[in-house]
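**Student:**
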Amino acid sequence: MMFVKVCGMRRQEDINVAVACGAAAVGFIFANSPRQVRPEQVEKLAEGVPVLKVGVFVNEDLQRVREIRHRCHLDIVQLHGDESPDYCERLGGRLFKAIRLKEVAMTRLFDDYPPDIKILLDAYVYSRPGGTGRQIDFYLLDHIHDFTRIIIAGGIGPDNAVEIFKRYHPFGIDVNSRVEDAPGIKNHEKILELFQKLKIIRKE
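Adding 54 to a residue's 1-based position in the sequence shown gives its number in the working numbering.
What follows is the structure, encoded as C-alpha cells:
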C-alpha cells in the first residue's frame, strides 16, 4: 500500500476529499507559513478524521510541541527544522524528520536518527523550510540505496508522482503546493487526478 500524505490542510472540505481519494495522512502546519493553522483550528478540523493526523513544526519549543500534540490528538509529529537526534529522543512518540536535501553528503545524516523515525526528504530552498513547490533533485535521490523509510516531498503532483514511485519505491510521498490553487486552498481535481494515477500503478 502506498503512503500518501496531503499536507497544508486548512479547510474541512479539502480534508474530506483527500480522505475519500485514499490519503493515508493529512498534515497541519503549526510553523510560520502561508498555510499555518492554530491549535484551536486543528482541534475542529481533525475531529473524526479517520486517517493519520500529522503536525508540522519547525525548531519549536519541545514542551509546546508536546502540548499541541496532546491537544490536537496528533498521531505523528513532523519536524521540519534543524531538530537534533537528541531533540527527537526527548520528544518521543511517532516522528517524521524532514531533511532538506542540498548535497549528496547530507544522505549520511539519515543514520543519525533511530530507524523507527521516517525520513522525509524535501527540496532545499534557502531560508524556506518547505511548501515551496520546488521539485527535489533526482540526482541527489539517485545516490540513496534504501528507500524503505523515506518519504519524498518537494514539488510532487499529478504530473510526477507516478515517476517517483516507479523510480525510487519510497515508503511514501508528501504532496502540498502542487495540488493547490493557492496556499491552503486545495484543488480537488488535482487531488483526484493524483490518486487515480497512483491507483493505476498499484495494479501493475
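Cβ atoms here follow ideal geometry from the backbone N, Cα and C, with glycine treated the same way.
(1) If you scan the segment 95-138 from start to end, which runs of the beta strand (DSSP E) of 3 or more residues do you find wholly inside it?
(2) Along the alpha helix (DSSP H) that carries Glu67, what are the first and last residues, could you check?
(3) Quick check for students: name the residue ranges of the alpha helix (DSSP H) that lie wholly in the segment 189-228, counting only runs of 4 or more.
(4) By the 10 Å Cβ neighbour count, where 16 or more other Cβ atoms means buried, how is Gly146 classified, buried or exposed?
(5) Is the distance from the Cβ of His134 to the Cβ of Val158 below 7 Å?
(6) Measure the alpha-carbon distance for Arg148 versus Phe84 and round it to whole angstroms.
(7) If you run the structure through DSSP and keep just helix, strand and coil, what is Phe84?
(8) By how many angstroms is the C-alpha of Val131 removed from the C-alpha of Phe150?
(9) Opposite Val58 in the DSSP bridges: which residues?
(10) Mind checking Tyr167: buried by the 16 CB within 10 Å criterion, or exposed?
(11) What are the partner residues of Phe150, as DSSP defines its beta bridges?
(12) Provide the residue span of the beta strand (DSSP E) that contains Asp235, from first to last.
(13) Out of Leu174, Tyr141, Gly81, state which residue places its alpha-carbon closest to the alpha-carbon of Leu128.
(14) Is it right to say Leu195 is buried, meaning 16 or more other beta carbons lie within 10 angstroms of its own, or is it exposed?
(15) Please determine, among Val229, Arg232, Arg123, the residue with the shortest C-alpha to C-alpha distance to Pro93.
(16) Taking C-alpha atoms, which residue in Glu97, Ile205, Gly102 lies nearest to Glu121?
(17) Three or more C-beta pairs under 8 Å: does that hold for the segment 235-250 against the segment 63-72?
**Tutor:** By the coordinates alone:
(1) 106-111, 130-133
(2) Start at 1 with the first residue of the sequence shown, and residue 67 comes out as number 13. 66-75 is the span of the alpha helix (DSSP H), which, as asked, contains Glu67.
(3) 192-195, 215-222
(4) If you number the sequence shown from 1, residue 146 lands on position 92. Exposed, because fewer than 16 other Cβ atoms sit within 10 Å of the Cβ of Gly146.
(5) Here the question's residue 134 lines up with position 80 in the sequence shown. Here the question's residue 158 lines up with position 104 in the sequence shown. No.
(6) Indexing the sequence shown from 1 puts residue 148 at position 94. Indexing the sequence shown from 1 puts residue 84 at position 30. Between Arg148 and Phe84, the C-alpha separation is close to 17 Å.
(7) Walking along the sequence shown from the start, residue 84 turns up at place 30. In this structure, Phe84 counts as coil in the three-state DSSP scheme.
(8) The sequence position of residue 150 within the sequence shown is 96, counting from 1. The sequence position of residue 131 within the sequence shown is 77, counting from 1. Roughly 6 Å separates the two Cα atoms.
(9) By 1-based counting over the sequence shown, the position of residue 58 is 4. Paired residues: Ile227.
(10) Within the sequence shown, numbered from 1, the residue matching residue 167 stands at position 113. So Tyr167 ends up on the buried side.
(11) One-based indexing of the sequence shown puts residue 150 at position 96. According to DSSP, which records beta bridges pairwise, Phe150 is partnered with Gln132, Lys172.
(12) On the sequence shown, position 181 is the one that residue 235 refers to. From DSSP, the beta strand (DSSP E) with Asp235 extends over 234-236.
(13) Taking the first residue of the sequence shown as position 1, residue 128 is located at position 74. Out of Leu174, Tyr141, Gly81, Gly81 has the C-alpha closest to the C-alpha of Leu128.
(14) Taking the sequence shown and counting its residues from 1, the one referred to as residue 195 is at position 141. Buried is the call here.
(15) Counting from one through the sequence shown, the residue named residue 93 turns up at place 39. Looking at the Cα atoms, Arg123 is the closest of the given residues.
(16) Position 67 of the sequence shown, counted from the first residue, corresponds to residue 121. Per the Cα distances, Glu97.
(17) yes
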